[in-house]
Every structure is written in C-alpha cells, then in structure tokens.
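Novice: In order, the protein sequences belong to chains A and B.
Using my numbering, you'd call the opening residue of the first sequence number 6 and step up by one each time.
Using my numbering, you'd call the opening residue of the second sequence number 6 and step up by one each time.
2 protein chains.
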Amino acid sequence: MKKYNVAVAGATGAVGIEMIQILEERNFPVNEIRLLASKRSAGKKMTFNGEEVTIQELTHDSFEGIDIALFSAGGDISLEYAPSAVKAGAVVVDNSSAYRMYDEVPLVVPEVNPEAAKSHKGIIANPNCTTAIAAVALWPLHKAFGLKKVIVSTYQAASGAGAPGMNELIDGIKAGIEGKEVENKVFAHPLPYNVIPHIDKFQENGYTKEEMKVTWETRKIFSEPELAVSCTAVRIPTLRAHSESIVVETEKEVTAEAARKILEQSAGVKVVDNIGENIYPMPLNAAENWDVEVGRIRQNIIFGSKGLEFFVSGDQLLKGAALNAVQIAELLID
Amino acid sequence: MKKYNVAVAGATGAVGIEMIQILEERNFPVNEIRLLASKRSAGKKMTFNGEEVTIQELTHDSFEGIDIALFSAGGDISLEYAPSAVKAGAVVVDNSSAYRMYDEVPLVVPEVNPEAAKSHKGIIANPNCTTAIAAVALWPLHKAFGLKKVIVSTYQAASGAGAPGMNELIDGIKAGIEGKEVENKVFAHPLPYNVIPHIDKFQENGYTKEEMKVTWETRKIFSEPELAVSCTAVRIPTLRAHSESIVVETEKEVTAEAARKILEQSAGVKVVDNIGENIYPMPLNAAENWDVEVGRIRQNIIFGSKGLEFFVSGDQLLKGAALNAVQIAELLID
C-alpha cells in the first residue's frame, strides 16, 4: 500500500493537534509526517505513532516532497503558504475560510459531495465547523425530502476560537469564583455565564460572517446555489462541541419517523433521540466523538406535514474541522 | 390614595423574593404585606420597606382581608390555595402554569393585553417566562407588520428552575474545578459546560411543555388562536436572564429600520442594537433589568422583505415572572 508524506501546518493549534491524532487513529498511510508551526514552536517535539517528531518552522520551502498538506493556522497563513505547498506538488486541504468560496476550489464534506474533491486544482477547502456539523444531518434529509427552507440557531463552544478561547472561558470561570475581574481578549465580551450573539465580523446585511458562511457554504457543498438558509450564530459558555437548533421546510411530505429512519442509515450521523429516556444530543456526549448527534426530531408545527425540527450536537474540532480534513485527505489516496 | 393588603405566596422562592423587592421599588401602595411560605420557612423574617415581616405558614385561612395575592409556589400550591384566596375576596395573580389556559382566566402581559385583566373572575395568570420575554418584542411588530410565522430557539438560564437550579450550576462548576463529580438533581443532566435541549415534560407531538407553552400562551395573550409559533427550548449554563433567537415572517413588508423604530417606541423593550460597537442583547446586561433587550435586528434572508430576525435577552425572574406579576397587580388598582 502506498504511503504518503503528510504535512500539518498549524500543528500546535487546537485543530492541528486533533488532525495529528486522527491521522493516527484512522491509520492514515503516512510515510513521513512533517509538523509545521510558527518560529515560536519550532524545535519543540510532538509524538506521532509513538515516535518523536520535531516541529519545524513553516516557511515557503517547507513542502518539498510532501503529498498532502493539512492547513489549520488561520486564513492569512493559508493565503501565504498554501500556494507554495501546491507549487511543491502537494495537495492542500485547507481548514481556513480563505479559499472556500473560490470557484476553482472544491468545498467538501465527504458524506455529502466526495466527488467534488476529485476536481481540485491543488487546494480543497474544509468547511466552517457549524456548516459541516449541520450538513451531515441536512444532506440525507435534502436527498429524501428536498429542503426548501433551513432556519438555524447555534449554541457554539468556546473552542470555536481555539485553545485560547477555551482557556479564556476556564480562567474567567475561576476568576469569578475567586471574586476577581473576568477578563476577555478572545471574545468581545466576558463569556462565563453569558451568551454572545456575535461570532466573526458583521456584514452589511446585519448577519455575521459566521452566519453567512452557513448560508454560502451549505449552498456550495449541496450544489444548490439558491437554497434558502438563515442562521443566528451564538457563543455560549461551553468548552467543546457546537449544538444547533434547526427548523426545515421540505418540498415533499415528511414525518419524524421517516426522517429518523433516513438519518439512522446516514454516514457521520448518530441518531440520539429517545425522549422517554431523556436521551437527546448534548455537547457533553458529542464532544470527542466523530459522529454528529441528531435528536429531538419532530414534525414542525408551523410547516406541518412539510416541516421538521431537530437538534444536533457535534464536535467542532473533529467533524467541524480536523476529522473532516482527514476524511478529505482519505478521498485523495487510493 | 387607597392602600392594599397584599399577600405573597411562595415568599422565600427566587421569584417571591423578587416580587417583594419589586413591590418596594415600584412603590406599590401596600397597606399590609403578608408573606406566606411552607411550614419550614414560617417564623423566619424578611424585610419590606425597611420593616421586619414574619413569614407565616400558607394555609387555607391565610387570605382574610387580603386584596391581592401574588402566587409563586408552583402549580400544585396554586391549585390548592388560590381558590381559598379568591373565596376570601382576594384577586390572585398566579405565576404558575396551573390556570393559564383556563378560558375564564385572563393571561396577561400588561404591555400587550392589559384590558384582559379587567375580565377576571378572581384569578389572573402570569405567563411562562420565555413567552413573556418574547411577547413584549413580538407584540409591537405584530401590530405594525402582522406576524405570520414565529420561529423561536431559546437560551435559558439555570434560574428558570429557581434558586436550586442556580445553586446546582454553581456547585457543579466548582466541583468540576476541584476534580470532583458533578451532580445533577434539578436538571436531567449535568449543566456545567453543557446544553440540555429539554425543559419541562415531553408532549406527544415531540415538543416539550415549555416549548408548547410559548405557542399556546402567545396565541392566548395576542388573541390570535391560529398564530403559527414554534419553539425549541434549551437550557444553557448561564445563571440569569433568558435569551431567544427569533425569526418571523410578516404579513406586510418590513425593514430592519422600520422594526427598530417601532421597538424603540415600545413599552418594556430596550433596543440594544449597535453592531458597529459590539452592542447587542446579552444576559450579562439584561439580568436584573426590567426591560427586555432586543437587538441583532435584521431582514431575514429567507423571508426577504416580509421577514425579520432578531435576538432578545430578558430577566426571566423579572419580566418573565415577578415584574410582570406586579405590573398585573398595578392594573387592578386605581
């Protein structure tokens, strides 16, 4: 079996660390792993498959001999270094938003549009975390019942802002208990015991970029450029795994039972829906798992027989980022 | 000016304590205040307008001479003792859900349907907290633009389950920091760093009772028995003030600017909507305030010129409970 030289750019970040672990856990056929990060981290060591690997500084010359480069170091880094990786002959799987809406860059959720990955010209984009988590639940419903309208409200964890976001929440919680002032640098306001309806920059239409990403990216992944999707994206004081409350209007008649049956057979989805036993999706259970939990599946009382309402929880560092990126890499190998 | 004898049944609960304070703060014309609670609390003292008041045990004979009885001790207590209060000549303002859907019991949000209070037959019901908070924002929009569909997702604080709910969250957070097990008795699952899409009992249609209350009660308060309202009610690890993400489809054309102008002139609403300055509704600011914060007002991209999306935060112990009850009592006096 062929083995591949894989680079991880942003190896020390919250998503990078998960990428390395997932490559291990899924037995990705790695020949050489090259861990790239900022100058500050260069020289430090991480382990991969039981062996120590020294982190190298990310430069334009980092990609010689690399087959696949997983990028997760922010949009600016991707814009600067991904072209160098492509020039060196690597295929880039980019977790940032930098290239997602480029026409020539496929945006891929392997459970939805794996074939799109084949048309890449060197770069494949990994979607926004909220979009990827919703997509695995929405796609099988779209195929079966046709989605007409999708209305999303999110419950997003601090780790959406990486390790610094998680640390700021934990430090703030501790400061509050000790009666000290709660500081905020990562988030626009203190997050402990708060709700912040603001993720990423505001756009001219009053939505945030995070909210519009759910609209734009879902349309691109589904190849449905007119799909009616709206989102309110909200940061809440949880550490890991995003949740989403989703209402859909469908083209065809749908029941909760029919939807449940479809979702139970869908890749990447775990139906967690037994209200009699108080079983439904929750970040506490969804965190650190690959599948997106889907539950609270019920006929929506507004759209009636052509409407559905449900709740999803998924680990945004995994399906929302690192896992999806590795799954894309798996599409590239034989 | 006439002064009234006012009883508070459930005086030691989270809402009861707020009721007493609000009667003070709004200078309600109180002659005698009678604080009623369970046998366990009887004999303890609370202060009202600077004077010590001894808590009495709630019995069927507690209401002699009382003009207005504010009940907030749960539905079972209301069902048992409210009739005794009415028999003794008092008007009951009941914060529980026990009587809300009775045809002969008005369900009142003073900013929406104050006239309904006049038709009472001894009992006036105070709505569910989530409903009341949404109603003050939805009603002026309904009058101006006609609401056709209302889709709500909530972010509800631990205090929706009273003081025990708040304590369980704080104790759980502390236990987690100390590496101890996080216990849950009030909530179906541990709440720290979690999201629980389950408030009140599940109904046959898959919605919870909390969710259906938003539908049923909004219809009754608005006198719109067919209004299309759906809700997903979610508990999150905040202490106080509920938030709600709301999407509406309107009968008439609407713009964010027109909606903002209407809401700025509406009683009980505080427009908190300056995204350029990162200003929007948040529990951190809405807690302990009377007005419901409304912001993130924008045209919904699905319903276009006949759709609106916004975010509200309101203190569910105040507008969602104690404040609204005292406002109803104010409608009863000259």
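Just so it is clear, CB atoms sit at the ideal spot from N, CA and C, and this is done for glycine as well.
1. Since alanine 291 of chain B and alanine 246 of chain B are thought to touch, with beta carbons under 8 Å apart, how far apart are those beta carbons, to the nearest angstrom?
2. Contact defined as beta carbons within less than 8 Å: I believe arginine 31 of chain A pairs with valine 331 of chain A. What is the distance between those atoms, to the nearest angstrom?
3. Please confirm if leucine 84 of chain A has its CB atom under 8 Å from at least one CB of chain B.
4. Could you please give me the residues that DSSP links to tyrosine 160 of chain B through a beta bridge?
5. Does the Cβ of arginine 45 of chain B have 16 or more other Cβ atoms within 10 Å, making it buried, or fewer, making it exposed?
6. Compute the distance between the beta-carbons of leucine 174 of chain A and proline 197 of chain A, then report whether it is under 8 Å.
7. Residue range of the beta strand (DSSP E) that valine 20 of chain B falls in?
8. Are the beta-carbon atoms belonging to proline 111 of chain A and alanine 121 of chain A less than 8 Å from one another?
9. Output, in chain order, the set of chain B residues within a Cβ distance shorter than 8 Å of serine 235 of chain A.
10. Please report the Cβ distance between leucine 164 of chain A and alanine 327 of chain A, rounded to the nearest whole angstrom; I am assuming they are in contact, meaning their Cβ atoms lie under 8 Å.
11. Of the choices B:Glu85, B:Glu282, B:Pro119, B:Val117, whose alpha-carbon is the least far from that of tyrosine 104 of chain B?
12. Looking only at its own chain, which residues have a Cβ that is under 8 Å from the Cβ of glutamate 69 of chain B, when we skip the five neighbours before and after it?
13. For valine 299 of chain A, I'd like the list of residues in its chain whose CB is within less than 8 Å of its CB, leaving aside the five on either flank, ordered along the chain.
14. Per DSSP, what kind of secondary structure is valine 276 of chain A in: helix, strand or coil?
15. Which of the residues in the stretch 198 to 209 of chain A, read from start to end, lie with their CB under 8 Å from any CB of chain B?
16. Can you check whether the CB of threonine 17 of chain A is closer than 8 Å to the CB of isoleucine 60 of chain A?
17. With burial defined as no fewer than 16 other Cβ atoms inside 10 Å of the residue's Cβ, what is the status of tyrosine 107 of chain B: buried or exposed?
18. In whole angstroms, give me the CA-to-CA distance for glutamate 62 of chain A and valine 97 of chain A.
19. Per DSSP, which residues does asparagine 10 of chain A bridge with? Please list them.
20. Just to make sure I have the definition right: I need the residues of chain B whose C-beta is within less than 8 Å of the C-beta of proline 156 of chain A. Which are they?
21. Provide the residue(s) that pair with glutamate 231 of chain A in DSSP beta bridges, ordered along the chain.
22. Cutting at 6 Å between CB atoms, please list the residues of its own chain near arginine 303 of chain A, excluding the five before and the five after it.
23. Going by DSSP in three states, valine 191 of chain B sits in which element: helix, strand or coil?
24. Nearest to arginine 265 of chain B by CA position, among B:Ala166, B:Leu75, B:Ala149, is which residue?
25. Report the start-end ranges of each alpha helix (DSSP H) in the stretch 79 to 143 of chain B that is 4 residues or longer and not cut off at the edges.
26. Could you check what DSSP says for alanine 292 of chain B in three-state terms: helix, strand or coil?
27. Could you check if threonine 255 of chain A is buried or exposed, using at least 16 other CB atoms within 10 Å of its CB as the buried criterion?
28. For glycine 300 of chain A, report the span of its beta strand (DSSP E) as first-last.
Specialist: The structure says:
1. Mapped onto the second sequence, residue 291 of chain B falls at position 286. Mapped onto the second sequence, residue 246 of chain B falls at position 241. That pair is a contact at about 4 Å.
2. Locating residue 31 of chain A in the first sequence gives position 26, where the first residue counts as 1. Locating residue 331 of chain A in the first sequence gives position 326, where the first residue counts as 1. About 6 Å; that satisfies the 8 Å criterion.
3. Reading the first sequence from its first residue, position 79 is the one you call residue 84 of chain A. Interface flag for leucine 84 of chain A against chain B is unset, since no Cβ pair is found closer than 8 Å.
4. Here the question's residue 160 of chain B lines up with position 155 in the second sequence. For tyrosine 160 of chain B, which the question treats as bridged, DSSP gives the partners B:Ser248.
5. Translated into positions along the second sequence, residue 45 of chain B becomes position 40. It counts as exposed.
6. Locating residue 174 of chain A in the first sequence gives position 169, where the first residue counts as 1. Locating residue 197 of chain A in the first sequence gives position 192, where the first residue counts as 1. Cβ distance < 8 Å, so leucine 174 of chain A and proline 197 of chain A count as in contact.
7. The sequence position of residue 20 of chain B within the second sequence is 15, counting from 1. That residue, valine 20 of chain B, is in no beta strand (DSSP E); its alpha helix (DSSP H) goes 19 to 30.
8. By 1-based counting over the first sequence, the position of residue 111 of chain A is 106. By 1-based counting over the first sequence, the position of residue 121 of chain A is 116. Closer than 8 Å, so yes.
9. For this step, residue 235 of chain A is matched to residue 230 along the first sequence. Within chain B, the residues near serine 235 of chain A are Val252, Asn305, Ile306, Ile307, Glu314.
10. For the purposes of this step, residue 164 of chain A is taken as the residue at position 159 of the first sequence. For the purposes of this step, residue 327 of chain A is taken as the residue at position 322 of the first sequence. The question names leucine, but residue 164 of chain A is serine in the sequence shown. Contact flag wrong, Cβ pair sits at about 12 Å.
11. Residue 104 of chain B sits at position 99 when you count from the first residue of the second sequence. Selected option, being the one with the closest Cα: B:Glu85.
12. Taking the first residue of the second sequence as 1, we reach residue 69 of chain B at position 64. Ala93.
13. Start at 1 with the first residue of the first sequence, and residue 299 of chain A comes out as number 294. The residues are Ala142, Leu268, Val274, Lys275, Val276, Val277, Asp278, Pro286, Phe315, Phe316, Val317.
14. As a working mapping, residue 276 of chain A is identified with position 271 in the first sequence. Here valine 276 of chain A sits in strand by DSSP.
15. Tyr198, Asn199, Val200, Ile201, Pro202, His203, Phe207
16. Within the first sequence, residue 60 of chain A is the residue found at index 55, counting from 1. Within the first sequence, residue 17 of chain A is the residue found at index 12, counting from 1. If you check the CB distance, isoleucine 60 of chain A and threonine 17 of chain A come in under 8 Å.
17. Mapped onto the second sequence, residue 107 of chain B falls at position 102. Per the 10 Å Cβ criterion, exposed.
18. By 1-based counting over the first sequence, the position of residue 62 of chain A is 57. By 1-based counting over the first sequence, the position of residue 97 of chain A is 92. Taking the straight line joining both Cα atoms gives about 18 Å.
19. Along the first sequence, read from residue 1 onward, the residue named residue 10 of chain A stands at position 5. DSSP, once it has assigned bridges, lists A:Glu37 as partnering asparagine 10 of chain A.
20. For the purposes of this step, residue 156 of chain A is taken as residue 151 along the first sequence, with counting starting at 1. The sequence given here has isoleucine at residue 156 of chain A, not proline. Those are Ile156, Val252, Ile307, listed as they occur along chain B.
21. Working through the first sequence from its first residue, we reach residue 231 of chain A at position 226. For glutamate 231 of chain A, which the question treats as bridged, DSSP gives no partner whatsoever.
22. Position 298 of the first sequence holds residue 303 of chain A. Once the five neighbours on either side are set aside, the close Cβ partners of arginine 303 of chain A are Ala261, Glu314.
23. Taking the second sequence and counting its residues from 1, one reaches residue 191 of chain B at position 186. In the structure shown, valine 191 of chain B sits in coil (DSSP, three-state: anything other than H, G, I, E or B).
24. Taking the second sequence and counting its residues from 1, the one referred to as residue 265 of chain B is at position 260. Here the closest residue by C-alpha is B:Ala149.
25. 80 to 92
26. Reading the second sequence from its first residue, position 287 is the one you call residue 292 of chain B. Here alanine 292 of chain B sits in coil by DSSP.
27. The sequence position of residue 255 of chain A within the first sequence is 250, counting from 1. Buried.
28. Taking the first residue of the first sequence as 1, we reach residue 300 of chain A at position 295. It spans 297 to 304 - the beta strand (DSSP E) in which glycine 300 of chain A sits, taken as one unbroken run.
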